[in-house]
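Reading through the structure tokens given below for one structure.
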Amino acid sequence: MEMRADLLIVGAGMVGSALALALRHSGLQILLLDGGPLTVKPFDAQAPFEPRVSALSAASQRILERLGAWEGIAQRRATPYSDMHVWDGSGTGQIHFSAASVHAQVLGHIVENRVVQDSLLERLHDSDVGLLANARLEQLRRSGDDWLLTLADGRRLRAPLVVAADGAHSAVRRLAGCDTREWDYLHHAIVTSVRCSAGHQATAWQRFTDEGPLAFLPLTRDGQQDWCSIVWSTTPEQAERLMALDDAAFVQALERAFEGRLGSVLQADPRVCVPLRQRHAKRYVEHGLALVGDAAHTIHPLAGQGVNLGFLDAAVLADVLGKACERGERLADVKVLSRYERRRMPHNLALMAAMEGFERLFQANPLPLRWLRNSGLKLVQQMPEAKAMFVRQALGLSGDLPELARA
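So that you can map any letter, position 48 of the sequence shown is 1200 in our numbering, and since no number is skipped, the others follow by simple counting.
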């Protein structure tokens, strides 16, 4: 027996769920499938923070508001931050960014990925979008004008258009034979949540160490500002040593690496270690297929922009498909899907190149480059317009905005 849909979205993570919600009134028969259970967990405000968080931009907030998911996020747990402080641990250069410099209230919100996901799932369960849980993809092939998907349990699905939203290790991308350019950063990221003796001051803090960047991102629980999510990017050897430490030794090492900017690190939740790899699909589309989010591109977590790029991918693809529906065009036509690629690929590539250059500059040890980056930080700190331009970019409200992200 085959199930048929106009559009199959593989992967009900944050980006895939957002795309399904964005198209829920399009008149398309949409089926969203995922290898997980697709259930919404009851939220416990006293539960430990989830280790993986995202720095949601203002553009992402607008998209989530339009999709009806932001209210659920705010009711659970979201921490606004209005400032960002960055400094070079090997020198004296530092820079401070403020939302006030562009007359904004916040730069963004730090939100646990699970909170975003559950809020989107709540809206999906209230919609007409078809949900297929515990659906692990095993085969993908062309069948006439359609794609035919075979699941691990033998079920078969058919649709003229498939969207891969199944993450960095996308099964759809692999089975469809989509080429990528990728390389290893030779770094791992240790992520966890920690409690400090001093409050985070609604500020995102980032120190560039000799081994890699260390970020303290603000979290709030019960109105207290003494928790932070950390992302510590370091060499695989150093990451292995840090993961092997007991909690007491780890928080001491973390406090030293962060120069005690938020006082003592009092406790840490369980740690997760993630290898860092840059990946970018050579094409985002082919006939009847589109890649979005991490299935299309993964970047260094340096600026926390990964999920924001994914939400913009989803919103632009929804724009393109919605307008094509109105014109009566065939959605699977590569001419239609290429409109999405033309709008998103240059933006994603530009940001990826900027993050790559930034990461390489701060990993450089030769004295001239260390002098250059310190001098550069000091110079930009004295240039309000340059800092304001960076802030506007971080807000995500400039350039070719999709309908869902516009004011």
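Even glycine gets a Cβ: it sits at the ideal position worked out from N, Cα and C.
Would the beta-carbon of residue i fall within 7 Å of that of residue j?
i, j, result
"residue 1437", "residue 1481", "no"
"residue 1154", "residue 1310", "yes"
"residue 1264", "residue 1205", "yes"
"residue 1214", "residue 1557", "yes"
"residue 1166", "residue 1424", "no"
"residue 1157", "residue 1190", "no"
"residue 1212", "residue 1542", "no"
"residue 1349", "residue 1418", "yes"
"residue 1272", "residue 1221", "yes"
"residue 1172", "residue 1182", "yes"
"residue 1341", "residue 1453", "yes"
"residue 1313", "residue 1484", "yes"
"residue 1562", "residue 1388", "Absent from the model: residue 1562. The displayed extent of the chain is 1153 to 1559, so no value can be given."
"residue 1429", "residue 1336", "yes"
"residue 1486", "residue 1324", "no"
"residue 1339", "residue 1381", "no"
"residue 1495", "residue 1552", "yes"
"residue 1498", "residue 1343", "no"
"residue 1447", "residue 1322", "yes"
Specify, as a first and last residue, the run of the alpha helix (DSSP H) that residue i falls within.
i, result
"residue 1169", "1166-1174"
"residue 1474", "1458-1479"
"residue 1204", "Note, residue 1204: premise wrong, no alpha helix (DSSP H); not H, not E."
"residue 1327", "1323-1328"
Quick one: Cα of residue i to Cα of residue j, how far?
i, j, result
"residue 1457", "residue 1450", "10 Å"
"residue 1576", "residue 1403", "There is no way to answer for residue 1576, as the model of the chain reaches only from 1153 to 1559."
"residue 1355", "residue 1367", "11 Å"
"residue 1377", "residue 1362", "28 Å"
"residue 1390", "residue 1426", "13 Å"
"residue 1332", "residue 1320", "11 Å"
"residue 1370", "residue 1208", "12 Å"
"residue 1479", "residue 1266", "37 Å"
"residue 1421", "residue 1187", "27 Å"
"residue 1160", "residue 1184", "6 Å"
"residue 1327", "residue 1254", "45 Å"
"residue 1352", "residue 1234", "11 Å"
"residue 1286", "residue 1414", "43 Å"
"residue 1301", "residue 1225", "33 Å"
"residue 1175", "residue 1219", "10 Å"
"residue 1299", "residue 1431", "25 Å"
"residue 1278", "residue 1345", "32 Å"
"residue 1383", "residue 1259", "18 Å"
"residue 1523", "residue 1249", "Confidence at residue 1523 is low in this model, with a pLDDT of 49, below 50, so the placement of that residue should be treated as unreliable; the coordinate-derived value is given next. When rounded, the distance between both Cα atoms is 21 Å."
"residue 1439", "residue 1411", "53 Å"
"residue 1442", "residue 1398", "44 Å"
"residue 1489", "residue 1477", "12 Å"
"residue 1261", "residue 1268", "11 Å"
"residue 1416", "residue 1469", "46 Å"
"residue 1466", "residue 1401", "42 Å"
"residue 1434", "residue 1330", "8 Å"
"residue 1270", "residue 1230", "13 Å"
"residue 1375", "residue 1223", "18 Å"
"residue 1475", "residue 1297", "22 Å"
"residue 1290", "residue 1473", "27 Å"
Identify every residue that forms a DSSP beta bridge with residue i.
i, result
"residue 1295", "1298"
"residue 1336", "1429"
"residue 1341", "1385 and 1426"
"residue 1289", "1303"
"residue 1442", "1315 and 1437"
"residue 1449", "1432"
"residue 1237", "1248 and 1357"
"residue 1215", "Its beta-bridge partners do not exist; DSSP assigns none."
"residue 1232", "1261"
"residue 1198", "According to DSSP, residue 1198 bridges with nothing at all."
Which residues bound the beta strand (DSSP E) around residue i?
i, result
"residue 1248", "1246-1250"
"residue 1260", "1260-1264"
"residue 1373", "1365-1373"
"residue 1419", "1417-1420"
"residue 1184", "1182-1185"
"residue 1282", "1282-1284"
"residue 1156", "1154-1156"
"residue 1406", "First-last for residue 1406: 1399-1409, but that is the alpha helix (DSSP H), not the beta strand (DSSP E)."
"residue 1160", "1159-1162"
Between the options, which lies nearest to residue i when the distance is taken from Cα to Cα?
i, options, result
"residue 1445", "1380, 1500, 1302 and 1201", "1500"
"residue 1317", "1170, 1157 and 1548", "1170"
"residue 1357", "1340, 1375, 1379 and 1339", "1379"
"residue 1547", "1202, 1257 and 1180", "1257"
"residue 1365", "1409, 1194 and 1177", "1409"
"residue 1280", "1335, 1360, 1179 and 1395", "1179"
"residue 1360", "1241, 1216, 1303 and 1334", "1241"
"residue 1373", "1396, 1294, 1192 and 1232", "1232"
"residue 1307", "1545, 1322, 1284 and 1549", "1284"
"residue 1334", "1504, 1559, 1545 and 1544", "1504"
"residue 1251", "1475, 1303, 1552 and 1544", "1544"
Would you say residue i reaches chain C, if we count a Cβ-Cβ gap shorter than 7 Å as a contact?
i, result
"residue 1179", "Looking at the structure shown, chain C is missing, and only one protein chain is on hand."
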